[in-house]
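**Student:** Counting from 1 along the sequence shown, just add 48 to a position and that's the residue number in my numbering. Heads up, the beta-carbon is just placed ideally off N, CA and C, and yes, glycines get one too. Below you'll find the structure I mean.
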Amino acid sequence: MSRLSVALRKKLAGFTLDVAWTAGDGVAVLFGPSGAGKTLTLQCLAGLLRPDAGRIVVDDRVFFDGATGVDLPPQARRIGYVFQGYALFTHLTVAANVAFGLRSRPRAERLRRSAEVIERLGLGGLEARYPSELSGGQRQRVALGRALAIDPALLLLDEPLSALDAPLRRALRDELREILAAWGTAAVVVTHDFTEAYRLADRIVVYDGGRVIQTAPRAELLWQPASEAVAGIMGLRNVLHGAVVKATPERIQLRWRGQTLEAVNSPTRSYLPPPDSPLAFFIRPEYVRLIRKDRGAPDPAHHMNLMSGRIVGEADFGTVWSLRLRLDAPGAPAQGDFDLEVEVPHLVYEILEIERDRHWQFSIHRGSIHVLPA
Numbered sequence: 049m050s051r052l053s054v055a056l057r058k059k060l061a062g063f064t065l066d067v068a069w070t071a072g073d074g075v076a077v078l079f080g081p082s083g084a085g086k087t088l089t090l091q092c093l094a095g096l097l098r099p100d101a102g103r104i105v106v107d108d109r110v111f112f113d114g115a116t117g118v119d120l121p122p123q124a125r126r127i128g129y130v131f132q133g134y135a136l137f138t139h140l141t142v143a144a145n146v147a148f149g150l151r152s153r154p155r156a157e158r159l160r161r162s163a164e165v166i167e168r169l170g171l172g173g174l175e176a177r178y179p180s181e182l183s184g185g186q187r188q189r190v191a192l193g194r195a196l197a198i199d200p201a202l203l204l205l206d207e208p209l210s211a212l213d214a215p216l217r218r219a220l221r222d223e224l225r226e227i228l229a230a231w232g233t234a235a236v237v238v239t240h241d242f243t244e245a246y247r248l249a250d251r252i253v254v255y256d257g258g259r260v261i262q263t264a265p266r267a268e269l270l271w272q273p274a275s276e277a278v279a280g281i282m283g284l285r286n287v288l289h290g291a292v293v294k295a296t297p298e299r300i301q302l303r304w305r306g307q308t309l310e311a312v313n314s315p316t317r318s319y320l321p322p323p324d325s326p327l328a329f330f331i332r333p334e335y336v337r338l339i340r341k342d343r344g345a346p347d348p349a350h351h352m353n354l355m356s357g358r359i360v361g362e363a364d365f366g367t368v369w370s371l372r373l374r375l376d377a378p379g380a381p382a383q384g385d386f387d388l389e390v391e392v393p394h395l396v397y398e399i400l401e402i403e404r405d406r407h408w409q410f411s412i413h414r415g416s417i418h419v420l421p422a
């Protein structure tokens, strides 16, 4: 039985939230563009906003039920909430911030529990400091400590890394994942950054326009987005359109830009699209393989879906180069002025002298063409 069950409907001026999803132990990430209803969901979970209808159940405890009138106040829900930007009390020390949610408990219990949390989060020695005297990582841990000190039934984190610069964000993302895993408290995290969602989540719930358009374990979402809309929100590159040539439960042939491609990693077991029906698919840029010119002719057994084209644009991202390829095939390119985005490591770019040599044959493995469900 899922540890967290959420069904919510809330109508605001110009926007309606209408979502339903479940999650087990671990971290559920609400992922989607800004304005999709993610933070609104957190506010309903925390009891800061009353839904118009629906039901919220955490560990068999009913927090809200529109049909029966149950609506527990925030203090009765035992929710830990880490706000965007952390929202620490600037006039309170680390120890006082961590202990803030324990103020109704006896002094001895407050001191014991806050000391335990401070120790577990590696904040020992910082008890007397104020937020302005802390690093970004330390402030994050203080905000987590304040939320975790009450031993919450559920931990909510709203864009917990959004206020940080990129290098610190990467470091603290991994630290946050370790803390959440070690603590073992069920958590719901809001983010619009897919890398962040993937690194933090056990399960990802994709929001768009106040609706849930997919919910799945993170690895399943990464490789099997449920639709072209989900792929777009994830920021997948090389989302393309073609037509079916032939489909079987094991593989699918498709026609794209005058080429016939074959894919084997496609959702065609339960539904076989008929010939000539349109379809969308995506190809990850790092899975397009340039054919070395010093190794003889391409081997059809190893170089599947063989094509040729010219590099018409490129961008240096430090460790990798992003190349824009335009096929030699006649007709309008699939993506503006190019057909495929290809990613190669910096070393490969130098070894192949790509800066000088702009025309290439390339292949795409059958297992790296992912057909999107209709």
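Closest to residue 229 by C-alpha separation, out of 239, 216, 240 and 247, would be which residue?
**Tutor:** Ranking the options by Cα distance to residue 229, first place goes to 247.
**Student:** Report the residue ranges of all beta strand (DSSP E) runs contained in full by the region 115–178; include only those spanning at least 3 residues, in chain order.
**Tutor:** Complete beta strand (DSSP E) runs here, min 3: 127–130.
**Student:** Which residues share a DSSP beta bridge with residue 208?
**Tutor:** Per DSSP, none; premise fails for residue 208.
**Student:** Can the beta-carbon of residue 65 be found closer than 8 Å to that of residue 88?
**Tutor:** Their beta carbons are under 8 Å apart, which means residue 65 touches residue 88 by this criterion.
**Student:** Have a look at 420, 51, 221 and 406 and flag the residue whose alpha-carbon is nearest the alpha-carbon of residue 357.
**Tutor:** Closest option to residue 357, Cα to Cα, is 406.
**Student:** Cα separation between residue 49 and residue 72?
**Tutor:** Here the model assigns residue 49 a pLDDT of 41, short of 50, so the residue's position is not dependable, and the following value carries that caveat. For residue 49 and residue 72, the distance between alpha carbons rounds to 8 Å.
**Student:** Whose C-alpha, out of 232, 201, 256 and 243, is nearest the C-alpha of residue 221?
**Tutor:** Comparing Cα positions, the closest option is 243.
**Student:** Thinking C-alpha only, which one of 264, 372 and 180 is nearest residue 76?
**Tutor:** Ranking the options by Cα distance to residue 76, first place goes to 264.
**Student:** Are the CB atoms of residue 340 and residue 388 within a distance shorter than 8 Å?
**Tutor:** Not in contact: residue 388 and residue 340 (Cβ atoms no closer than 8 Å).
**Student:** Could you tell me the alpha carbon to alpha carbon distance between residue 197 and residue 177, rounded to whole angstroms?
**Tutor:** Spanning the two alpha carbons is a distance of roughly 18 Å.
**Student:** So for residue 63, helix, strand or coil by DSSP?
**Tutor:** Residue state, collapsed to three classes: strand.
**Student:** Beta-carbon within less than 6 Å of residue 102's beta-carbon, same chain only, minus the 5 sequence neighbours each way: which residues are those?
**Tutor:** Taken in chain order, the residues that qualify are 55, 56, 57 and 114.
**Student:** Could you spell out where the beta strand (DSSP E) holding residue 361 opens and where it closes?
**Tutor:** Taken as a continuous stretch (DSSP letters only), the beta strand (DSSP E) holding residue 361 covers 355–364.
**Student:** In whole angstroms, what is the alpha-carbon distance linking residue 217 and residue 422?
**Tutor:** Cα to Cα, the separation comes out at about 36 Å.
**Student:** Please report the straight-line C-alpha distance between residue 232 and residue 332, rounded to a whole angstrom.
**Tutor:** C-alpha separation (whole angstroms): 34 Å.
**Student:** Excluding the 5 residues preceding and the 5 following residue 330 in the sequence, name in chain order all residues of the same chain whose CB lies nearer than 6 Å to its CB.
**Tutor:** Contacts found: 279, 284, 286, 287 and 418.
**Student:** With DSSP run on the structure shown, which of helix, strand or coil describes residue 222?
**Tutor:** Looking at residue 222 - three-state DSSP - the assignment turns out to be helix.
**Student:** Quick check on residue 255: buried or exposed, where buried means 16 or more other Cβ atoms within 10 Å of its Cβ?
**Tutor:** Looking at its Cβ environment, which holds 16 or more other Cβ atoms inside 10 Å, residue 255 is buried.
**Student:** Step through the CB atoms of chain D and report whether any lies within less than 8 Å of the CB of residue 199.
**Tutor:** Judged by its chain identifiers, the structure shown contains no chain D, having just a single protein chain.
**Student:** Please classify residue 86 as buried or exposed, where buried requires at least 16 other C-beta atoms within 10 Å of its C-beta.
**Tutor:** Looking at its Cβ environment, which holds 16 or more other Cβ atoms inside 10 Å, residue 86 is buried.
**Student:** The beta strand (DSSP E) with residue 294 in it runs from where to where?
**Tutor:** Note, residue 294: beta strand (DSSP E), 287–295.
**Student:** What three-state label does DSSP hand residue 389 in the structure shown?
**Tutor:** Strand at residue 389.
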